[in-house]
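Worksheet: one structure, shown below.
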Amino acid sequence: MKQKIIYIIGAGRSGTTILDIVLGNCTDAISLGEINRFFKRKGIPPKREIDNKVYVFWGKVKKTFDKNLERDYSSLKKTFDKNEYHTHFFKSFFIGGDSFYQKTLSKQYESITEHTKDKKVLIESSKYPARALSVSDTLKGKMEVGYVYLKKDPVKVVSSFRKKGLEQPAKSYLASNLYYFIINLFCYLTIWKLRKRGHNVVVLKYEDLIAKPIPVLDDIGGKFGLDVSDAKEKIENNKALDTGFLFDGNRIRLKENIVLQRDLKRVNKKGPSYYFTRVFNYLIYH
């Protein structure tokens, strides 16, 4: 039986790491996080002690990948940036990735699957829509690939981007709105194309994941043939979720486990900026 991969698409600060963790607690699944940063980090998961299980796991993956390495990691990072970053989205959308990039991408997944043979489902939250398209191209016939497009209330995303000291650089109010709109537009184009290719795609709001996680899990489980019973049991009984083997992502990845917080923060101040964000991103979010 082929392994499955569930790729989470979305904008930054939209809760993709949380969703990765939730799905990684399903039966025979594993959370891998933002593995698109593998080359940026030179194959080493950031902020981990050498005896940490995540460091050890990715150390094995890196050792496998490094066999017959054709280029150094700095060169590979440039190759992946040119094929995955948002500024190159339309190249990926209309033409596809370069041959060397696709070859290396395939090798990256082969290195991961070598050390996840006991798992049926791999969860990845690399987010980038261009990479999502390349995963479809590259893993065709090798793995079953499904996609979850996660979007979050734009007001909260814009507010989050004004905070400093987080994984992603802070952005101004206008830049945050423009970023959210453009990236989600790319996501919509991507899922349209993925559906035309025959992939299963779930479109999910972060707010629904938090407010009603059990129906959301049932929907995802039914769509992808995923056994969600273990994750449901933990959430229903307020038990901790294992954060898995997240390579990179939101800082919550550094905790061994988390309890899914079921409360949603409300936006109290509704001034002109609130309504501008609502109107500007209306079609994207609704």
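With the working numbering as the guide, the letters of the sequence shown map in order to residues 10 to 295.
Even glycine gets a Cβ: it sits at the ideal position worked out from N, Cα and C.
### Query
Is DSSP giving residue 257 helix, strand or coil here?
Translated into positions along the sequence shown, residue 257 becomes position 248. Residue 257 falls in the coil class under three-state DSSP.
### Query
Among 131, 195, 115 and 231, which one has its Cα closest to the Cα of residue 100?
As a first step, residue 100 is located in the sequence shown; it is residue number 91 there, counting from the start. When only C-alpha atoms are compared, the closest one is 195.
### Query
Is the distance from the Cβ of residue 273 to the Cβ of residue 35 below 7 angstroms?
Looking up residue 273 in the sequence shown gives position 264. Looking up residue 35 in the sequence shown gives position 26. Not a contact, by the Cβ cut-off of 7 angstroms.
### Task
Check whether the Cβ atoms of residue 320 and residue 70 lie closer than 7 angstroms to each other.
What the structure shows of the chain is the stretch from 10 to 295, and residue 320 is not part of that stretch, so it cannot be assessed.
### Query
In the structure shown, what three-state DSSP assignment does residue 134 receive?
Taking the sequence shown and counting its residues from 1, one reaches residue 134 at position 125. Here residue 134 sits in strand by DSSP.
### Task
Work out the CA separation of residue 281 and residue 63 for me, nearest whole Å.
Your numbering for residue 63 matches position 54 in the sequence shown. Your numbering for residue 281 matches position 272 in the sequence shown. Their backbone Cα atoms lie some 44 angstroms apart in a straight line.
### Task
Please confirm whether residue 135 and residue 209 have their CB atoms less than 7 angstroms apart.
Within the sequence shown, the letter at position 126 stands for residue 135. Within the sequence shown, the letter at position 200 stands for residue 209. No; because the gap between Cβ atoms is not below 7 angstroms, this pair is not in contact.
### Task
Helix, strand or coil for residue 251, going by three-state DSSP, please let me know.
Position 242 of the sequence shown, counted from the first residue, corresponds to residue 251. Reduced to three states, the DSSP call for residue 251 is strand.
#### Entry: CA-to-CA distance, residue 53 to residue 61, given in whole angstroms
What you label residue 61 is simply residue 52 of the sequence shown in a count that begins at 1. What you label residue 53 is simply residue 44 of the sequence shown in a count that begins at 1. So the alpha carbons of these two residues sit roughly 12 angstroms apart.
### Query
Roughly how many whole angstroms lie between the Cα atoms of residue 143 and residue 102?
Reading the sequence shown from its first residue, position 134 is the one you call residue 143. Reading the sequence shown from its first residue, position 93 is the one you call residue 102. Going by the C-alpha atoms only, they are around 9 angstroms apart.
### Query
Quick one: is residue 222 buried, meaning 16 or more other Cβ sit within 10 Å of its Cβ, or exposed?
For this step, residue 222 is matched to residue 213 along the sequence shown. Answer is buried; the Cβ neighbour count reaches 16.
#### Entry: Expected contact under 8 angstroms - CB spacing of residue 148 and residue 154 to nearest Å
For the purposes of this step, residue 148 is taken as the residue at position 139 of the sequence shown. For the purposes of this step, residue 154 is taken as the residue at position 145 of the sequence shown. Confirmed, Cβ separation roughly 6 angstroms.
### Bounding residues of the beta strand (DSSP E) (the contiguous stretch that carries residue 56)
In the sequence shown, the residue the question calls residue 56 occupies position 47. Neither: residue 56 is in no beta strand (DSSP E) and is coded neither H nor E.
#### Entry: Simplified DSSP state of residue 268, which is helix, strand or coil
To locate residue 268, count along the sequence shown from 1; it is residue 259. Correct three-state label for residue 268: coil.
### Query
Can the beta-carbon of residue 141 be found less than 7 angstroms from the beta-carbon of residue 93?
The residue given as residue 141 occupies position 132 in the sequence shown. The residue given as residue 93 occupies position 84 in the sequence shown. Against a cut-off of 7 angstroms, the Cβ pair of residue 93 and residue 141 comes out as no contact.
### Query
If you compare alpha carbons, which of 192, 249 and 244 is closest to residue 293?
Numbered from its first residue, the sequence shown carries residue 293 at position 284. Measuring from the Cα of residue 293, the nearest candidate turns out to be 192.
### Message
Classify residue 127: buried if its beta carbon has 16 or more other beta carbons within 10 angstroms, exposed otherwise.
### Response
Within the sequence shown, residue 127 is the residue found at index 118, counting from 1. When all chains shown are included, residue 127 counts as exposed.
### Query
How many angstroms separate the CA atom of residue 266 from the CA atom of residue 218?
Taking the first residue of the sequence shown as position 1, residue 266 is located at position 257. Taking the first residue of the sequence shown as position 1, residue 218 is located at position 209. Those two C-alpha atoms are separated by around 18 angstroms.
### Task
Label residue 25 either buried or exposed according to how many other C-beta atoms from any shown protein chain fall within 10 Å of its C-beta, with 16 as the threshold for buried.
If you number the sequence shown from 1, residue 25 lands on position 16. Buried is the call here.
### Query
Taking the C-alpha atoms as reference points, what is the distance between residue 212 and residue 159?
The sequence position of residue 212 within the sequence shown is 203, counting from 1. The sequence position of residue 159 within the sequence shown is 150, counting from 1. Each residue's Cα considered, the two are about 6 angstroms apart.
#### Entry: Residue range of the unbroken beta strand (DSSP E) whose run includes residue 179
Here the question's residue 179 lines up with position 170 in the sequence shown. Neither: residue 179 is in no beta strand (DSSP E) and is coded neither H nor E.
### Message
Taking the beta carbon of residue 137 as the centre, do at least 16 other beta carbons fall within 10 Å, making it buried, or is it exposed?
### Response
The count along the sequence shown starts at 1 and reaches residue 137 at position 128. It is buried - the Cβ of residue 137 has at least 16 other Cβ atoms within 10 Å.
### Task
List the whole-angstrom C-beta distance separating residue 23 from residue 215, where the pair is believed to meet the contact cut-off of C-beta under 8 angstroms.
Within the sequence shown, the letter at position 14 stands for residue 23. Within the sequence shown, the letter at position 206 stands for residue 215. The Cβ separation is near 6 angstroms, so the contact holds.
### Message
In the DSSP output, what is residue 213 paired with across the bridge?
### Response
For this step, residue 213 is matched to residue 204 along the sequence shown. The partner list for residue 213 (beta bridge, DSSP) reads 159.
### Query
Thinking just about the alpha-carbon of each residue, which of 65, 163 and 238 is nearest to the one in residue 253?
The residue you call residue 253 lines up with position 244 of the sequence shown. The shortest Cα separation from residue 253 among 65, 163 and 238 belongs to 65.
### Message
Give me the residue from 180, 109 and 206 with the minimum Cα distance to residue 8.
### Response
Summary: the structure shown does not reach residue 8, with the chain confined to residues 10 through 295, and so no result is reported for it.
### Message
For residue 291 and residue 284, what's the separation of their Cα atoms in angstroms?
### Response
Within the sequence shown, residue 291 is the residue found at index 282, counting from 1. Within the sequence shown, residue 284 is the residue found at index 275, counting from 1. Roughly 10 angstroms between the two C-alpha positions.
### Query
Which word fits residue 249, buried or exposed, when buried means at least 16 other C-beta atoms lie within 10 angstroms of its C-beta?
In the sequence shown, the residue the question calls residue 249 occupies position 240. Exposed is the call here.
### Buried/exposed call for residue 270, threshold 16 Cβ in 10 Å
Taking the sequence shown and counting its residues from 1, one reaches residue 270 at position 261. Residue environment: residue 270 is assigned as exposed (fewer than 16 neighbouring CB atoms within 10 Å of its CB, all protein chains considered).
### Query
With burial defined as no fewer than 16 other Cβ atoms inside 10 Å of the residue's Cβ, what is the status of residue 201: buried or exposed?
Against the sequence shown, residue 201 aligns to sequence position 192. Label assigned to residue 201: exposed.
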